[in-house]
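Read the structure below first, then the notes.
Numbering (the working numbering), first residue to last: 25 to 429.
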């Protein structure tokens, strides 16, 4: 069934601050960085910030889980005179593409004309995402996690990765290939935090933080802000750049995934998955497309193992074949986008959360926009469709297809 709002809206502006290593953004504030990103997105779109009249958040309007966005504060900071739409998706980074679907809902209901989606992240020494569960007050979930030593998202994901290895014979070298393949895309990106080539020896020498995941299998800990602006197609064609058309968006999930790694109660095969199959099936149904139609995939990579599992859930390869798919070089921009070989799709041509910066998935949306505009640094030739995913995390997770106009 075709999505009712297919091709009715588009992303017209993207903006970002510099990316800082964790804690180095201080003494900047969340609103300072968010404001800069929004103003840059407005300049990219060719609109005045006072034309923004909608806010479409995710992560329950959380700013990196450690702070909260407040629409009134952003209006005061930026001089926005009025807002007709302000809404948020629940859960965490799984909602980033879904927030664009939320913006579309507000736009098509004529509640707003330009909606901004923003994420900013600032981690001070006493506030780190990497140990968020260990630092939390005891509750029914944490009373299971904390005594087990599962103090951060990486520890939890490692259990899912080990289960995938047990069920399907997944090789740890596949996780290394995910990191190396996406690292190869940052050498020409001035803002990327990790730009040096990654050798086997350097990866293998990286400390084992949560077996089988090494430090380099974990996403970066960075500060910064990213904003994107969505509007209707009639307005989009009057903006500064070619619109990135919103061809399809789905968010949600199924009960078996539930609270995901925070409960560890999922049955197989859901346990050894990214929890995206339900969302992926809906996305392909509403667009009439499939994995083979994608020219580039911007896959949420807070941990390398979850790239592999999302490739399976979105149908780039069969369940249990992610290890062989990755090890055959089918993620690599230089091998796939330039030569058209291997039958793969370039993944995270910007370097992703693992290598460019971790702003809770928003850099993936920016790269998807630039790919279908034809302005990306590592441009995939004639890119027409870009897949962007959010999560895996507690529900909802989400996926989106952007289309070249």
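C-beta: ideal position from N, C-alpha, C; glycine also. On a predicted model such as this, the values are computed, not experimentally measured, just so you know.
Residues near residue i by beta carbon distance below 7 Å, same chain, minus five either side
i, result
"residue 301", "337"
"residue 95", "79, 107, 110"
"residue 232", "238"
"residue 85", "92, 93, 112"
"residue 185", "236, 237, 329"
"residue 179", "173, 234"
"residue 278", "302"
"residue 417", "115, 116, 117, 118, 284"
Residue closest to residue i, alpha-carbon to alpha-carbon, out of the options
i, options, result
"residue 45", "248, 142, 386, 422", "248"
"residue 329", "297, 340, 352, 339", "297"
"residue 422", "400, 323, 395, 429", "323"
"residue 77", "349, 100, 211", "100"
"residue 7", "246, 164, 268", "Coverage of the chain is limited to positions 25 through 429, which leaves residue 7 absent and any answer about it impossible."
"residue 230", "405, 200, 87", "200"
"residue 81", "382, 347, 264, 130", "130"
"residue 115", "246, 275, 170", "275"
"residue 147", "222, 215, 49, 252", "49"
"residue 246", "262, 382, 368", "382"
"residue 194", "27, 333, 405", "333"
"residue 34", "212, 124, 75, 325", "124"
"residue 428", "289, 420, 270, 311", "270"
"residue 419", "175, 252, 299, 71", "299"
"residue 97", "411, 55, 220", "55"
Residue range of the unbroken alpha helix (DSSP H) whose run includes residue i
i, result
"residue 182", "177 to 192"
"residue 130", "120 to 132"
"residue 329", "328 to 337"
"residue 360", "357 to 360"
"residue 33", "Segment 33 to 40 is the beta strand (DSSP E) holding residue 33; no alpha helix (DSSP H) there."
"residue 318", "From DSSP, residue 318 is part of no alpha helix (DSSP H); its letter is neither H nor E."
"residue 392", "386 to 397"
"residue 407", "Where residue 407 is concerned, there is no enclosing alpha helix (DSSP H), given that its DSSP letter is neither H nor E."
"residue 56", "54 to 69"
Terminal residues of the beta strand (DSSP E) in which residue i lies
i, result
"residue 112", "109 to 112"
"residue 376", "Careful: residue 376 lies outside any beta strand (DSSP E), inside the alpha helix (DSSP H) at 376 to 379."
"residue 271", "268 to 276"
"residue 242", "Looking at the DSSP string, residue 242 is not in any beta strand (DSSP E), and its letter there is neither H nor E."
"residue 427", "421 to 428"
"residue 350", "That residue, residue 350, is in no beta strand (DSSP E); its alpha helix (DSSP H) goes 346 to 351."
"residue 117", "Segment: none, residue 117 is in no beta strand (DSSP E) and carries neither H nor E."
"residue 78", "78 to 81"
"residue 142", "138 to 145"
"residue 233", "232 to 234"
Contacts around residue i, its chain only, beta-carbon distance under 6 Å, and the 5 residues preceding and following it disregarded
i, result
"residue 357", "209, 370, 373, 402"
"residue 182", "234, 237"
"residue 227", "200, 240"
"residue 355", "205, 371"
"residue 331", "202, 323, 325"
"residue 134", "none"
Length of the line joining the Cα atoms of residue i and residue j
i, j, result
"residue 138", "residue 191", "47 Å"
"residue 319", "residue 206", "16 Å"
"residue 65", "residue 340", "32 Å"
"residue 145", "residue 388", "15 Å"
"residue 309", "residue 42", "38 Å"
"residue 291", "residue 105", "50 Å"
"residue 392", "residue 122", "14 Å"
"residue 61", "residue 143", "9 Å"
"residue 305", "residue 281", "15 Å"
"residue 313", "residue 204", "29 Å"
"residue 346", "residue 307", "20 Å"
"residue 127", "residue 254", "7 Å"
"residue 27", "residue 400", "27 Å"
"residue 171", "residue 164", "12 Å"
"residue 360", "residue 404", "9 Å"
"residue 29", "residue 272", "8 Å"
"residue 351", "residue 202", "9 Å"
"residue 198", "residue 394", "28 Å"
"residue 251", "residue 140", "7 Å"
"residue 294", "residue 414", "17 Å"
Burial state of residue i (16 or more Cβ within 10 Å)
i, result
"residue 57", "buried"
"residue 235", "exposed"
"residue 225", "exposed"
"residue 316", "exposed"
"residue 36", "buried"
"residue 386", "buried"
"residue 69", "buried"
"residue 83", "buried"
"residue 397", "buried"
"residue 289", "exposed"
"residue 410", "buried"
Contacting residues, own chain, Cβ-Cβ under 8 Å from residue i (five flanking each side not counted)
i, result
"residue 63", "39, 73, 102"
"residue 196", "189, 236"
"residue 218", "207, 210, 244, 375, 378, 379, 380"
"residue 368", "340, 349, 352, 353, 354, 355, 356, 359, 360"
Contact with chain D by residue i, beta-carbon distance below 9 Å
i, result
"residue 234", "In the displayed structure, chain D is absent; only one protein chain is listed."
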